[in-house]
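The structure appears below as structure tokens.
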Amino acid sequence: MPLDVTNPDETPLHPIRGFETPDASLLGVVISHPHQDHYGLAYRLPGQTLFLIGKAAQSILAAADLFTAGGTTFENVLYLEDQKPITLGSFTIVPFLVDHSGYDAYAVLVEADGKRLFYSGDLRAHGRKGALFEKLVRQPPERVDVLLMEGTTIGRNDQVFPTEAALEERFVELFQETTGMPLVWCSGQNIDRLVTVMRACIKTGRQFIIDMYTAHVLRATGNERLPQAGWDHIKVFLPNAQRRQIIRRGEFDVANSYRPWRIFPEQLAQAAATSVMLFRPSMINDIEKASCLTGSRLIYSLWSGYLKDPKTRPFLEWLRRHGIPLSECHTSGHAALQDLVRLRHAFPNAPVVPIHTINADRFEELFGNVQRQNDGEWWTV
Ligand SMILES: [Zn+2]
Ligand SMILES: [Zn+2]
160 MPLDVTNPDE TPLHPIRGFE TPDASLLGVV ISHPHQDHYG LAYRLPGQTL
210 FLIGKAAQSI LAAADLFTAG GTTFENVLYL EDQKPITLGS FTIVPFLVDH
260 SGYDAYAVLV EADGKRLFYS GDLRAHGRKG ALFEKLVRQP PERVDVLLME
310 GTTIGRNDQV FPTEAALEER FVELFQETTG MPLVWCSGQN IDRLVTVMRA
360 CIKTGRQFII DMYTAHVLRA TGNERLPQAG WDHIKVFLPN AQRRQIIRRG
410 EFDVANSYRP WRIFPEQLAQ AAATSVMLFR PSMINDIEKA SCLTGSRLIY
460 SLWSGYLKDP KTRPFLEWLR RHGIPLSECH TSGHAALQDL VRLRHAFPNA
510 PVVPIHTINA DRFEELFGNV QRQNDGEWWT V
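Going from the sequence shown to my numbering is simple: count from 1 and add 159.
Below is the structure:
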């Protein structure tokens, strides 16, 4: 789903047989990772469509479906697993786990009729799984005939992306400089970032207060090494909007399962100086009522472009009214140019097809041997 779509119910689907109505020629649909631009229209496909997606990615989307309008559930699924080939008809698909801000993200190698195509998915080198990128450029799949490579960050002014590890140090500094409660606004599905914040909490002796939706996403990963409700120093807060959603969906068992680790609004003021709280603007009323904002600071941990969005203005106004300073602390979920160049050079014989970019016209000068292809047009390799 293109990110600028405002009405997904009416957006035309790609002209693929099997998308509007069932068609036996459609063997399956690969969802590389659980970001909306990669699965957002999947709910419109016929119910029996086979989806190939990571197991944790599927669980995260189901968890998100419970709490937000943005999730989704799939009925017929084959799981993508790192370097485990899947055969579908004439096609063999080999997933490669990659470093990305979305969890359980894959690049895929597709082989059919003796030809091999490598699709980068969304990826980067500077996250907590950067070693996966290094391994990919060191030992890329051989005999690749076409490289479909993302170029999200091409054309952006800032091309210096701190690592998640560097970000951790910055969070530590910001937490130390804050007398009250640091409020961290980041995506509840950016698992790398949640780990970064958790580690900075441990280093500064603060507990980490996460909202129930985020706790549920973390549980959905099935990965016990990630921060989880039940860990020391993690508390679960239920904002009103999420409480209403649980009531609407009748999912009381979910809420009850977090009961031992809950923190309630009346406890926030006292906990402020020794806690860090995950936050988003939908929680303004919750924390305003809790009177926990003395000495607070908002740490903005999303793409800075959203700050200029007129929709963010009322929130910035709210911060000003309360005298809450804003500090930015973020790094991109996508590879910097220098890393894309390294990825491209790992496939020296393959023409590169620009995808996932608004600057496809710059690929030739940056990467060489480019084949521009339009959406919806078939070509022969
Ligand atoms: Zn993504
Ligand atoms: Zn994407």
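Quick reminder that beta carbons are idealized off the backbone N, C-alpha and C, glycines included.
Given the structure is predicted, the values throughout are model-derived calculations rather than measurements.
Of all the options Lys-288, Pro-469, Arg-302 and Gln-298, which has the alpha carbon lying nearest to the alpha carbon of His-493?
Lys-288
Report yes or no: is there a C-beta of chain D within less than 8 Å of the C-beta of Leu-466?
Reference to chain D is not applicable here, since this structure consists of a single protein chain.
For Ala-494, three-class secondary structure by DSSP:
coil
At what residues does the beta strand (DSSP E) containing Val-511 begin and finish?
511–514
With respect to the alpha helix (DSSP H) encompassing Asp-241, which residues constitute its N-terminal and C-terminal limits?
That residue, Asp-241, is in no alpha helix (DSSP H); it is neither H nor E in DSSP.
Quick test of your reading: Thr-488 and Ser-460, contact by CB under 8 Å. State the CB separation rounded to the nearest angstrom.
Here residue 488 is Cys; the residue named in the question, Thr, does not match the sequence. The pair is a contact, with the Cβ atoms about 5 Å apart (cut-off 8 Å).
Would the region 342–351 count as touching the region 303–319 if we require 3 or more Cβ pairs under 8 Å?
no
Return helix, strand or coil for Asn-415, following the three-state DSSP convention.
Under the three-state reduction of DSSP output, Asn-415 falls in the helix class.
Tell me which residue opens and which closes the beta strand (DSSP E) that Asp-370 is part of.
366–370
For Lys-394, count the other beta carbons within 10 Å of its own beta carbon; 16 or more makes it buried, fewer makes it exposed. Which is it?
buried
Can you tell me which of Pro-398, Thr-471 and Arg-521 puts its alpha carbon nearest to the alpha carbon of Thr-227?
Pro-398
First through last residue of the alpha helix (DSSP H) which encompasses Glu-301:
No alpha helix (DSSP H) contains Glu-301, which DSSP labels as neither H nor E.
Around ligand 1, which residues pass a check of Cβ closer than 5 Å to any of its heavy atoms?
His-194, Gly-261 and Asp-281
CB of Asp-412 to nearest heavy atom of ligand 2: below 7 Å?
no
Can you list, in chain order, the residues of its chain whose CB lies under 8 Å from that of Tyr-238, leaving out five sequence neighbours each side?
Leu-211, Ile-212, Gly-213, Lys-214 and Gln-217
Under the DSSP definition of a beta bridge, which residues are partnered with Glu-487?
Tyr-459
Less than 8 Å separating the beta-carbons of Leu-452 and Ile-422?
no
Residue from Lys-362, Gly-339 and Ala-324 with nearest C-alpha to Gly-286:
Checking every option, the nearest Cα to that of Gly-286 belongs to Ala-324.
Burial state of Leu-478, where buried means 16 or more other Cβ atoms lie within 10 Å:
buried
By the 10 Å Cβ neighbour count, where 16 or more other Cβ atoms means buried, how is Ala-374 classified, buried or exposed?
buried
Just to confirm the assignment, what range does the beta strand (DSSP E) spanning Met-436 have?
434–437
Just verifying my parser: in three-state terms, what is the DSSP assignment at Met-442?
helix
I'd like the list of long-range same chain contacts for Leu-496, defined as Cβ closer than 8 Å, with 5 residues on each side in sequence excluded.
Thr-312, Ile-313, Gln-318 and Leu-525
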